[in-house]
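Colleague: Protein chains in written order, with numbering that gives the first Met the number 0: chain A, 0 to 130; chain B, 0 to 433. Idealized CB from N, CA, C, for every residue including glycine.
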Amino acid sequence: MTQYLLSTYVVDGEVPDQPMTPEKMQAMMEGVLTLEAEMEETGTFVFGGRLTGPDAATVVRNGDTGAIMTDGPFAESKEHIAGFYIINADDLDAALAWAARVSDMTGGPIEVYPFAATGQVKDQFPDMSSD
Amino acid sequence: MPDRQEVSDPRSYRADRSPSSTEDPTEGGSGDSSVERIFREVYGQVIATLVRAFGDITLAEDAAQDAFMVAIERWKSDGIPPNPAGWIVTTAQRRAIDDLRRSTRGRQLEQQIHTSVDAAAADDEPLAGDNPLDDDRLRLIFTCCHPALRTEHQVALTLRLLGGLSVDDVARSFLVSESAMARRLGRAKYKIKAANIPYRVPADADLPERLNSVLSVIYLIYNTGTDDLTERADLRDEAIRLARALAELMPDEPEAAGLLALLLLNESRVPARATDGEVVLLADQDRDEWDRDLITEGQLIVRVCIRRDRPGAFQLQAAIQAVHCDAATFDATDWTQIVTLYDHLYAIAPTAVVALNRAIAIGETEGPDVALTEIEPIRADLDSYHLMHATRGTLLRLLDRRDEAMSSYRRAADLATTDADRRFLEAQITDLVQ
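Written out as structure tokens, the structure reads:
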């Protein structure tokens, strides 16, 4: 069992079928609810969330004189992260199958990242936080 | 014949570079070279089984290396055991477990190894072959060719782990340094482990796409081997060996048989193509030099595929080559049948390269002007492909449009990927000038 981050992406200025009709919106919501219910039932779902657009994102990096904030997402890309799921899956094939279903639903690409570790760092390195 | 130094280094299980590497393995040879040959033959099986046992590729490679070292010494005095692959696997497992027992981490791992061996034995659906070692090889090739890995990593892993080529040999085949290839293999193995890429034959629903990925890797290995017909014969041998193994392991998949037939039929013409490293066109080849045994085997497979009637891209390409191999002379080629086969191929694989080859066949039945018209819609797509320009050069020359022919050949020569192709195209330009 491995945990994976499925991050959903949208392409700036390429929101398909915009604006969405109420019927389409309804169908998509039903699709989301069905998919999430299935994730829940199979013990796949761990956590998920929808993010604000890139306009509300800020990058923080450590410069010579302390932290430097810059407006916007880190990557100068036409695509930006829109939301994510964290799931449990037996292996990469199982995770990719879930990602394919999420992508089918959102119409955008999905990035699949295996977790190297989860939880707080103090939980991962108990020896270091004991003092 | 390899020298002693090479044999005593287990990292040198390299492909036999001599043209006789396809000779009957039961034929003579010295003790050392037969041990080396056995190592290479069993390498893929050994690694595949150890990966299942250990759940870790690097651990499997290290244990195999150790066991090959032991084998070199032991077999010298005791002779070669009746089941060399089994001997190596048992030795590797025993030594790995001995090593592991020496550390706490090892004792945990040992537990894990036993669990994974039991789990693997319990979960596994019975696969095509009766031999459990064969099933492991099939799992490993699907792991190596997983589409989540980039193509060059799939190719490198397949050659290293299943083909048993040394890192240096794999590096040389793809014109990169040994350290760059070692990093590439390291990154690929890291991703398999970190992303938990499964070690199994994919489920039926995924099988067509995943099998295609495996077949494409083997075909790419073969084609890389045709860039230099003499220096890279080992890559072609390895591709044929892998295709043969896959066709045997997946007898219900006609595309696996199709790929094997395609490679055998392509390889049958190599003796007539490899004259002093210069390009010899199909029309100019001495057909007496074609390898009749390979043709017979390839054509037999094609006939079986036709009876099965589950056509696919590799089977159709093999059928096209079978028609070429049937013709006693270039003029006797049944071009009408070749065009029909290209029509079928284009229907299931509508790529620009297939369209180009179809146009060439149409040129033989309907004339160069028709072929040029067929190429027109794909010209832009194939603008960086030297063979498209070379084909146009030849067609334009046939139509006596010399200036256009010359500039097409010029462009083809500029884009050519091998020196032999470039020399051939320069020669066409020289001919036109005179």
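Per the contact definition of three or more C-beta pairs closer than 8 Å, is the segment 37-53 of chain A in contact with the segment 234-241 of chain B?
Modeller: Flag = no, the segment 234-241 of chain B and the segment 37-53 of chain A do not touch.
Colleague: Locate the alpha helix (DSSP H) running through proline 463 of chain B, then write down its first and last residues.
Modeller: Look at the range of chain B in this structure, 0 to 433, and you will see that residue 463 of chain B is not part of it.
Colleague: Roughly how far, in whole angstroms, is the beta-carbon of alanine 242 of chain B from the beta-carbon of leucine 262 of chain B, given that I think they are within contact range, below 8 Å?
Modeller: Sure, about 5 Å apart at Cβ, within 8 Å.
Colleague: Please tell me whether glycine 185 of chain B and glycine 43 of chain B are closer than 8 Å, where the distance is taken between their beta carbons.
Modeller: Against a cut-off of 8 Å, the Cβ pair of glycine 43 of chain B and glycine 185 of chain B comes out as no contact.
Colleague: Run through the segment 137-213 of chain B for me and flag every whole alpha helix (DSSP H) of 4 or more residues, listed as ranges in chain order.
Modeller: Taking only runs of at least 4 residues, the alpha helix (DSSP H) segments lying wholly in the segment 137-213 of chain B are 150-156, 166-172 and 177-193.
Colleague: Taking the alpha-carbon positions, what's the tryptophan 74 of chain B to valine 34 of chain B distance?
Modeller: Spanning the two alpha carbons is a distance of roughly 8 Å.
Colleague: Could you give the distance in angstroms between the alpha-carbon of arginine 199 of chain B and the alpha-carbon of arginine 149 of chain B?
Modeller: Approximately 19 Å, taken between the alpha carbons.
Colleague: Under 8 Å, Cβ to Cβ, is there at least one residue of chain B near glycine 98 of chain A?
Modeller: At residue 98 of chain A the sequence reads alanine, which differs from the glycine that was named. False, the Cβ-Cβ gap to chain B never drops below 8 Å.
Colleague: When you compare the CB positions of arginine 396 of chain B and alanine 404 of chain B, do they come within less than 8 Å of one another, or not?
Modeller: Yes; because the gap between Cβ atoms is below 8 Å, this pair is in contact.
Colleague: Just the chain B side, please: which residues come within less than 7 Å of threonine 1 of chain A by C-beta, in chain order?
Modeller: Going along chain B in sequence order, the residues near threonine 1 of chain A (Cβ under 7 Å) are Asn195.
Colleague: Sort B/Asp325, B/Arg138 and B/Leu219 by Cα distance to arginine 286 of chain B and report the nearest one.
Modeller: Per the Cα distances, B/Asp325.
Colleague: What does methionine 91 of chain A reach in chain B if we use C-beta pairs closer than 8 Å?
Modeller: Strictly speaking, residue 91 of chain A in this sequence is leucine, with methionine absent from that position. Within 8 Å Cβ-Cβ: His145, Ala147, Ala194, Asn195, Ile196 and Pro197.
Colleague: Whole angstroms is fine: what's the gap from serine 176 of chain B's alpha carbon to aspartate 167 of chain B's?
Modeller: Each residue's Cα considered, the two are about 8 Å apart.
Colleague: My understanding is that leucine 344 of chain B touches alanine 321 of chain B, with C-beta atoms under 8 Å, so please give their C-beta distance in whole angstroms.
Modeller: Not quite, the Cβ-Cβ distance comes to about 13 Å (not below 8 Å), so this is no contact.
Colleague: Looking at histidine 385 of chain B and leucine 431 of chain B, is the spacing between their C-beta atoms short of 8 Å?
Modeller: Going by C-beta atoms, leucine 431 of chain B is not nearer than 8 Å to histidine 385 of chain B.
Colleague: Given this structure, state the Cα-to-Cα distance separating isoleucine 191 of chain B from phenylalanine 67 of chain B, to the nearest angstrom.
Modeller: Straight-line Cα distance between these residues: approximately 25 Å.
Colleague: Return the chain-ordered list of same chain residues with a C-beta closer than 7 Å to the C-beta of alanine 273 of chain B, the five sequence neighbours on each side being excluded.
Modeller: Leu228 and Thr229.
Colleague: Name, please, each residue of chain B whose Cβ falls closer than 8 Å to the Cβ of proline 113 of chain A.
Modeller: Residues of chain B passing the Cβ test: Ala193, Ala194 and Asn195.
Colleague: In chain order, what residues of the same chain lie with their CB nearer than 8 Å to the CB of glycine 30 of chain B, ignoring the 5 residues before and after it?
Modeller: Because glycine 30 of chain B carries a pLDDT of 46, less than 50, the predicted location of this residue cannot be relied on, and the following value inherits that uncertainty. Within the same chain, glycine 30 of chain B has close Cβ partners Lys75.
Colleague: Of all the options A/Ile85, A/Ile67 and A/Gln25, which has the alpha carbon lying nearest to the alpha carbon of arginine 49 of chain A?
Modeller: Cα-wise, what sits closest to arginine 49 of chain A is A/Ile85.
Colleague: Please name the residue, chosen from A/Asp63, A/Thr20, A/Gly71 and A/Val111, that lies closest to alanine 193 of chain B on a Cα-to-Cα basis.
Modeller: Checked all of A/Asp63, A/Thr20, A/Gly71 and A/Val111; the closest Cα to alanine 193 of chain B is A/Val111.
Colleague: Can valine 213 of chain B and leucine 245 of chain B be called in contact, C-beta distance under 8 Å?
Modeller: Yes, the Cβ-Cβ distance between valine 213 of chain B and leucine 245 of chain B is below 8 Å.
Colleague: Specify whether the segment 53-68 of chain B and the segment 79-99 of chain B touch according to this definition: at least 3 beta carbon pairs, one from each stretch, less than 8 Å apart.
Modeller: Yes, the segment 53-68 of chain B touches the segment 79-99 of chain B.
Colleague: On the three-state DSSP scale, how would you describe glutamate 75 of chain A?
Modeller: Glutamate 75 of chain A: coil per DSSP, three-state reduction.
Colleague: Give me the Cα-Cα distance between asparagine 356 of chain B and leucine 259 of chain B, rounded to the nearest whole angstrom.
Modeller: Cα-Cα distance, rounded: 21 Å.
Colleague: In whole angstroms, give me the CA-to-CA distance for isoleucine 140 of chain B and arginine 309 of chain B.
Modeller: Rounded to whole angstroms, isoleucine 140 of chain B to arginine 309 of chain B spans 23 Å at the Cα level.
Colleague: Quick check on valine 279 of chain B: does DSSP put it in helix, strand or coil?
Modeller: If DSSP states are grouped into helix, strand and coil, valine 279 of chain B belongs with coil.
Colleague: Would you list the residues sitting across from asparagine 87 of chain A in a DSSP beta bridge?
Modeller: A/Gln2.
Colleague: Among A/Lys121, A/Val120, A/Ala116 and A/Asp103, which has the Cα closest to the Cα of tyrosine 8 of chain A?
Modeller: Nearest of A/Lys121, A/Val120, A/Ala116 and A/Asp103 to tyrosine 8 of chain A, Cα basis: A/Asp103.
Colleague: Whose C-alpha, out of B/Leu248, B/Arg93 and B/Leu281, is nearest the C-alpha of threonine 332 of chain B?
Modeller: Nearest C-alpha to threonine 332 of chain B: B/Leu281.
Colleague: Who are the Cβ neighbours of phenylalanine 423 of chain B in its own chain at under 6 Å, not counting the five residues just before and after it?
Modeller: Cβ within range, chain order: Val278.
Colleague: Can you give me the C-alpha to C-alpha distance between leucine 91 of chain A and proline 197 of chain B, rounded to a whole angstrom?
Modeller: Looking at the two C-alpha atoms, the distance is approximately 7 Å.
Colleague: How would you call asparagine 61 of chain A, buried or exposed, if buried means at least 16 neighbouring beta carbons within 10 angstroms?
Modeller: So asparagine 61 of chain A counts as exposed.
Colleague: Tell me the rounded alpha-carbon separation between alanine 88 of chain A and glutamine 2 of chain A.
Modeller: Whole-angstrom Cα-Cα distance: 6 Å.
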